[in-house]
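Just below is one structure, and these are the notes that go with it.
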Amino acid sequence: MANIVELKNIHKSFGENHILKGVDMNIKKGEVVVILGPSGSGKTTLLRTINFLDSADEGSVTIHDFTVDCKKHTKSQVIELRRKTAMVFQNYNLFQNKTILENVMEGLVTVKKYKKSDAEKVSREILGKVGLAERCDFYPSQLSGGQQQRAGIARALILDPDVILFDEPTSALDPELVGEVLNTIKAVAQTGITMIVVTHEIAFAREVASRVVFMEGGVVVEEGIPEEILVNPKEPRTQQFLKRITNPNASDEPG
Amino acid sequence: MGHTYDFASIPGYIPKIMQAFPLTIEILLLSLLFGLALAALVTIGSLGRNKVLNAVSKGYISFMRGIPTLVLIFLLYLGLPQIMQGIGVDMSGISKTAYIIACLSLSSSANFAEMMRASYLAVDKGQREAAYSVGMKGFTAFRRIIFPQAFGIAIPALGNNIIMLFKETSLAFTVGVIDILGKARAMSAASYGTNRLEVYIATGLIFWAICFILEKLSKSFEKAYTKGRKKATS
Ligand SMILES: Nc1ncnc2c1ncn2[C@@H]1O[C@H](COP(=O)(O)OP(=O)(O)OP(=O)(O)O)[C@@H](O)[C@H]1O
Ligand SMILES: [Mg+2]
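The listed protein sequences correspond, in order, to chains A and B. Quick note on numbering: our numbering labels position 228 of the first sequence as 449, and the sequence is numbered without any gaps. Quick note on numbering: our numbering labels position 67 of the second sequence as 411, and the sequence is numbered without any gaps.
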């Protein structure tokens, strides 16, 4: 089966700092790829180069047979690429001037040119699925972090993207709210949509990932099925990282 | 040199002074309109990528904020026609009111531009990224997401700036425009200054009352605009 996402030789620097040093990744339709790695390893940057929130300096991004060269691309190529993706942000980034319902409808109305009434109907349905049927007319600031993030997931899902990018979707949440959001993501994963998830939740990774990628220092150190990478990693750097993250007391760096 | 004050006469002056109210409001609204339009241009210049435009916009703002409005009025009203005459352009056809509107537009545009820039920058950058992530184009993101939020942030400052501008309309009398203050001066002069204090008290009350109303309007507009959006402090 063909790849739905292909990253080729992605390089990215911020000023003097070479952050991504040649990342390649091929993802098949329906795969759930979990990216692990220590802070500063470039996980967020990698996700952001996929939808060109940050443009990589070198390499190419292909999504569903549409390739954009990172070095030279046009605005309209970037927009077409973005329309094949959706993103769930660490800080939710819901549109503050819009209700939850309007947040979900926004992409349908402005980008997919749905009629308002149609957009509202499907948006209400999807908000029901993430357990927010009662909260449609609230503004983001009136909701808990967990509710906001579930709305963020609904906003991404409704666009029916080829791939959804999750950047640490639960790390800004109070601990007691993490579960509800992880459950929502699990349910999304089961629908067969392709996902790339950056997270520090190892148990979650083990449960939903079809593949785990371990990144450090701007390169992919090791990747494989969760049982391999999470239980029997070959690379010492992966072993160390997992030890630190599963046993925070031994850590010299907050997870 | 005894002088008796007749404070009971103050309310009686108010309707007469208010005859000049429409002109004052005309000056206010036109200055506001042109001031905002100028400010929008300057803001685009100061936020854009063009270094030259950045510098020009910053220079403009700093100059207009630094120069007292009264000095600007004298420069434009007295100085400019002289210079223009020197190069053969006759500006005597331009009304005094037009000069005042031009001066107030220029001087207020700097404050408005600062307000716009600050409000724009105060919108979280995650908002634009989220808009891009759902596939919006730059202008759509601005129109649907960024501008409405920046506008909400700007309302209190906008209210203050309008109040300041309203008070500055009183400078119109310096070139002989019969605005509220001009009218008051004329009334005072007509009675050789005997009712001066009463007339100016009435004038002060009028300005204060209108500012008070503007303030209230600004507050309720802000409340209506931001609806339940602001986090309930509980
Ligand atoms: N816009 C930027 N400008 C300059 N440096 C940046 C920028 N964004 C990221 N960096 C740097 O790039 C490096 C990688 O950052 P990135 O956010 O991708 O790491 P991460 O793996 O997501 O880390 P974390 O687990 O803490 O989220 C960091 O050293 C960071 O300081
Ligand atoms: Mg990150």
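The beta carbon of each residue, even a glycine, is placed where N, CA and C say it ideally should be. A quick note: this is a predicted structure, and the numbers were derived from the prediction, not measured.
Alpha-carbon to alpha-carbon, residue 272 (chain A) and residue 441 (chain B): Here the alpha carbon of residue 441 (chain B) sits roughly 54 Å from the alpha carbon of residue 272 (chain A).
Is there at least one Cβ from chain A nearer than 8 Å to residue 579 (chain B)'s Cβ? The requested residue 579 (chain B) does not occur in the structure, where chain B is confined to residues 345 to 578.
Is the shortest distance between the beta-carbon of residue 549 (chain B) and the beta-carbons of chain A less than 8 Å? no
Under three-state DSSP, which class holds residue 577 (chain B)? Its pLDDT being 37, under 50, residue 577 (chain B) is placed unreliably in this model, and the coordinates cannot settle the point.
Does the contact criterion of 3 or more C-beta pairs under 8 Å hold for the segment 459-477 of chain B versus the segment 427-442 of chain B? No, the segment 459-477 of chain B is not in contact with the segment 427-442 of chain B.
Under 9 Å Cβ-Cβ, which residues of chain A neighbour residue 392 (chain B)? In chain order: nothing, as chain A lies at least about 16 Å away.
Rounded C-alpha distance that separates residue 487 (chain A) from residue 459 (chain A): One cannot answer for residue 487 (chain A) here, as it falls past the ends of chain A, which runs 222 to 476.
Going by beta-carbon coordinates alone, are residue 311 (chain A) and residue 393 (chain A) separated by less than 8 Å? yes
According to the Cβ coordinates, are residue 362 (chain B) and residue 550 (chain B) closer than 8 Å? yes
Report yes if the C-beta of residue 213 (chain A) is less than 7 Å from at least one heavy atom of ligand 1; otherwise report no. Past the boundaries of the shown model lies residue 213 (chain A); chain A is included only from 222 to 476, so the question cannot be answered.
Mind checking if residue 335 (chain A) is an interface residue toward chain B, Cβ cutoff 8 Å exclusive? no
From B:373, B:544 and B:448, pick the residue whose C-alpha is nearest to that of residue 417 (chain B); which is it? B:448
What three-state label does DSSP hand residue 388 (chain B) in the structure shown? Residue 388 (chain B): helix per DSSP, three-state reduction.
Rounded straight-line distance, which links the Cα of residue 465 (chain B) to that of residue 414 (chain B): 31 Å
Helix or strand or just coil, what does DSSP make of residue 249 (chain A)? strand
Going by the C-beta, is residue 419 (chain A) closer than 7 Å to any heavy atom of ligand 2? yes
Hey, out of B:443, B:392 and B:481, whose CA is closest to residue 424 (chain B)'s CA? Considering only alpha carbons, the answer is B:443.
Proximal residues to residue 496 (chain B) (C-beta, below 6 Å), its chain only, five neighbours per side dropped: 569 and 570
Rank A:406, A:274 and A:455 by C-alpha distance to the C-alpha of residue 255 (chain A) and give the top, closest one. A:406
Beta-carbon separation of residue 325 (chain A) and residue 385 (chain A) under 8 Å? At least 8 Å separates the beta-carbon of residue 325 (chain A) from that of residue 385 (chain A).
Mapping DSSP to helix, strand and coil, what is residue 539 (chain B)? coil
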